[in-house]
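Participant: Converting from the sequence shown to this note's numbering requires adding 19 to each position, the first position being numbered 1. Ideal Cβ positions, reconstructed from N, Cα and C, are used throughout, including at glycine. Here it is: the structure, laid out below.
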Amino acid sequence: MSLAVLSSRTLFGLQVRPVQVEVHVGCGLPSFSIVGLPGAGVRESRERVRSALLSSGFEFPAGRITANLAPADLPKDSGRFDLPIALGVLLASGQIADARGQVPEVRHYVLAGELSLTGSIMPADAALAIALSVARDDPQAILIMAPAAAGVAARVPGLRVLSAGGLSEVVAHFTDRAMLPSATPAGHEPADEASAPCLSDVRGQSAARRALELAAAGGHGLLLSGCPGVGKSMLARRLPGLLPPLTPEQALEVAAVHGLARSRPAWSRVPPFRAPHHGASMPALVGGGARPRPGEISLAHHGVLFLDELPEFGRQALEALREPLETGHVTVARAAGSCTFPARFQLVAAMNPCPCGWHGHPHPRRDCRCSRETVARYRARISGPLLDRIDLHVGLSVESAWLEAPPGEPSAPVRARVLAARDRQLSRQGCLNAELDGVFLDRHSEPDAGGRALLARAVATWGWSARAARRSLRVARTLADLDGCDRVEAAHMAQAIQYRPEESA
């Protein structure tokens, strides 16, 4: 035959789209052309495919070779098209036939892999995202990838994945000489709570510890404010140790996102923890680029995003967090199209009360050197709408006797209470309290008469927005879950109101 058609995949952000690789070998002056809007990485496939075929003991056709990657209006990049192009050349030039002398059936196969000059197959990027797409599009599909990538892809339930180390092994499979082995799912990183920093390292700061437990139990955002060295970062970095391991479904989602950035083991049930520097740009936080890549908020999906020195981040970058905090995803628009990344993260932020750090915190040897206008400008770097979306606001003060204080409660018992509260939420409403909204919030977080009166008084006194009132209801619901109460009581509502100061409303 002079024409071969195979299947592969291309990526635009986290969106995986089918690509038909059509290879035609005809008469004419020797040439090798790749069409279908190929990027630089695809155009270079010509040299890799040529060398891989010769190194594997096959002939490179002397005629006119045209490889078309359809659809033609979809940009393609990466070397993952090397393998289907090389196999297409062999099929179209008649170098491959099965045991009966017929052309092998390749209709249900999906191939993705970069070829080295020796003919070995290199792992494709975003193997898990490709596998999830293949399993969704065609339940009968068989995916062929390099061993390392195949082990990751084999994590997808119900998908058959074959492991191939080189081009010659793929040819042997289609000629019925030696079948490719099924890939074994890659091992995962154990969710070892003992390796996480322990909360017992924090001495004192009982109010902040309680807020951290509350944030972990309900998935709430947390803002820690206090003078330098008071323990804000120390507390924030102990939050992941209070969270449960990721479910298998969550681990798949997280691994698919991190597969685009290669910033984490291919499979792990440990919730991600991201702490970008305050010099990070808006694209670094929310994602972007000519070929969209996930930002820090997506890399923190199902985990914790810690923003230390919150006012030092760029205003544009901070404002870009507002929509993802509400929706749990972010959409990046480009001329070639738009793509959506998941961003269901738990925000923990830390800040000083002023540029010098000592405003409002009396110290025997340190005085605030900032003027009132300087303090106001510093705090104005964080907009009211962003503060309105953070559920818990906690101020940390200097505790002079912290050296004599006993070690705090360890993470293990706190984590047990967190897991019990989360189990109550999931069994009752199917999601964490921080995600409650609409009629479900009214149904599950309705306070008693005393609680309603307290909330109405807070709204009237401080002029809270409807969003601020709803978020206080969510916090009160989590306080009730930690206490094992079915109904939100006035005491829970009173505590929840304390976590939302006047200036954040």
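Would L33 and L324 qualify as a contact pair, given that the criterion is a beta-carbon distance under 8 Å?
Facilitator: Within the sequence shown, the letter at position 14 stands for residue 33. Within the sequence shown, the letter at position 305 stands for residue 324. The answer is no: Cβ separation not under 8 Å.
Participant: Taking just the CA atoms, how far does T203 sit from A59?
Facilitator: Position 40 of the sequence shown, counting from 1, holds the residue named residue 59. Position 184 of the sequence shown, counting from 1, holds the residue named residue 203. Roughly 33 Å separates the two Cα atoms.
Participant: In chain order, which alpha helix (DSSP H) runs of at least 4 residues are fully inside the stretch 200-247?
Facilitator: 225-237
Participant: So, is S50 buried or exposed, given that buried needs 16 or more other C-beta atoms within 10 angstroms?
Facilitator: The residue labelled residue 50 in the question sits at position 31 within the sequence shown. So S50 counts as exposed.
Participant: Note down, in chain order, each residue of its chain lying with its Cβ closer than 6 Å to the Cβ of V44, except the 5 sequence neighbours on either side.
Facilitator: Here residue 44 refers to the residue found at position 25 when the sequence shown is read from its first residue. S21, P80, G82, I84, A111 and S112.
Participant: Going straight from the alpha carbon of A89 to that of S300, what length do you get?
Facilitator: Numbered from its first residue, the sequence shown carries residue 89 at position 70. Numbered from its first residue, the sequence shown carries residue 300 at position 281. Each residue's alpha carbon lies about 35 Å from the other.
Participant: Which residue marks the beginning of the beta strand (DSSP E) containing S52, and which one marks its end?
Facilitator: If you number the sequence shown from 1, residue 52 lands on position 33. It spans S50 to V54 - the beta strand (DSSP E) in which S52 sits, taken as one unbroken run.
Participant: Please state the DSSP three-state secondary structure of Y128.
Facilitator: Here the question's residue 128 lines up with position 109 in the sequence shown. In this structure, DSSP gives Y128 an extended state, which the three-state scheme calls strand.
Participant: Can you give me the C-alpha to C-alpha distance between C246 and V433, rounded to a whole angstrom?
Facilitator: Translated into the one-based positions of the sequence shown, residue 246 becomes position 227. Translated into the one-based positions of the sequence shown, residue 433 becomes position 414. C-alpha separation (whole angstroms): 26 Å.
Participant: In or out: L151 buried (at least 16 other Cβ within 10 Å) or exposed?
Facilitator: Walking along the sequence shown from the start, residue 151 turns up at place 132. Label assigned to L151: buried.
Participant: Closest to L102 by CA distance: which of L366, A431 and P142 is it?
Facilitator: As a working mapping, residue 102 is identified with position 83 in the sequence shown. Per the Cα distances, P142.
Participant: Could you give the DSSP three-state label for N452: helix, strand or coil?
Facilitator: Translated into positions along the sequence shown, residue 452 becomes position 433. In the structure shown, N452 adopts helical secondary structure according to DSSP, grouped into three states.
Participant: For the stretch 283-311, list the alpha helix (DSSP H) runs that are entirely contained and at least 4 residues long, ordered along the chain.
Facilitator: 301-305
Participant: In the structure shown, what three-state DSSP assignment does G45 receive?
Facilitator: Taking the sequence shown and counting its residues from 1, one reaches residue 45 at position 26. It is a strand residue.
Participant: Would you report the Cα separation of H296 and R489, rounded to the nearest angstrom?
Facilitator: Residue numbering aside, residue 296 sits at position 277 when the sequence shown is read from its first letter. Residue numbering aside, residue 489 sits at position 470 when the sequence shown is read from its first letter. Cα-Cα distance, rounded: 31 Å.
Participant: To the nearest angstrom, how far is it from the Cα of V190 to the Cα of A116?
Facilitator: Indexing the sequence shown from 1 puts residue 190 at position 171. Indexing the sequence shown from 1 puts residue 116 at position 97. If you take the alpha carbons of V190 and A116, they lie about 9 Å apart.
Participant: Three-state secondary structure (DSSP) at E342?
Facilitator: On the sequence shown, residue 342 is found 323 positions in, with the first residue counted as 1. The answer is helix: DSSP assigns E342 an H, G or I state.
Participant: What does the alpha-carbon distance come out to for the pair R443 and R400?
Facilitator: Residue mapping note: residue 443 aligns to position 424 of the sequence shown, counting from 1. Residue mapping note: residue 400 aligns to position 381 of the sequence shown, counting from 1. So the alpha carbons of these two residues sit roughly 38 Å apart.
Participant: Quick check for students: name the residue ranges of the alpha helix (DSSP H) that lie wholly in the stretch 70-154, counting only runs of 4 or more.
Facilitator: With a minimum length of 4 residues, the continuous alpha helix (DSSP H) runs that stay inside the stretch 70-154 are 101-111.
Participant: Let me check one thing: in DSSP terms, what residues is C504 bridge-paired to?
Facilitator: Within the sequence shown, the letter at position 485 stands for residue 504. Paired residue(s): none; C504 is not in a bridge.
Participant: Quick one: measure Cβ to Cβ for H320 and V289, integer angstroms, because I've assumed they're closer than 8 Å.
Facilitator: In the sequence shown, counting from the first residue as 1, residue 320 sits at position 301. In the sequence shown, counting from the first residue as 1, residue 289 sits at position 270. In fact, because the Cβ distance is near 13 Å, the residues do not count as touching under 8 Å.
Participant: Would you call the CB atoms of L130 and S27 closer than 8 Å?
Facilitator: The residue given as residue 130 occupies position 111 in the sequence shown. The residue given as residue 27 occupies position 8 in the sequence shown. In this structure, S27 lies closer than 8 Å to L130 by Cβ.
Participant: Quick check: the Cα distance between V35 and A23, rounded to an integer number of angstroms?
Facilitator: On the sequence shown, residue 35 is found 16 positions in, with the first residue counted as 1. On the sequence shown, residue 23 is found 4 positions in, with the first residue counted as 1. If I take the Cα positions, the gap works out to 23 Å.
Participant: State the Cα-Cα distance for the pair T350 and T359, rounded to the nearest angstrom.
Facilitator: Start at 1 with the first residue of the sequence shown, and residue 350 comes out as number 331. Start at 1 with the first residue of the sequence shown, and residue 359 comes out as number 340. Taking the straight line from one Cα to the other gives about 4 Å.
Participant: Could you tell me the distance, in whole angstroms, from the CA atom of E66 to the CA atom of D327?
Facilitator: Reading the sequence shown from its first residue, position 47 is the one you call residue 66. Reading the sequence shown from its first residue, position 308 is the one you call residue 327. Approximately 48 Å between the Cα atoms of the pair.
Participant: Is the beta carbon of S182 less than 8 Å from the beta carbon of P166?
Facilitator: In the sequence shown, residue 182 corresponds to position 163, counting from 1. In the sequence shown, residue 166 corresponds to position 147, counting from 1. Yes, the pair counts as a contact, with Cβ atoms nearer than the cut-off.
Participant: Kindly give me the distance between the Cβ atoms of A205 and G238, rounded to whole angstroms, as I take these residues to be in contact under 8 Å.
Facilitator: In the sequence shown, residue 205 corresponds to position 186, counting from 1. In the sequence shown, residue 238 corresponds to position 219, counting from 1. A205 to G238, Cβ: 29 Å. No contact.
Participant: So is M198 buried or exposed if we call it buried at 16+ other beta carbons inside 10 Å?
Facilitator: For the purposes of this step, residue 198 is identified with residue 179 of the sequence shown, where counting begins at 1. Label assigned to M198: exposed.
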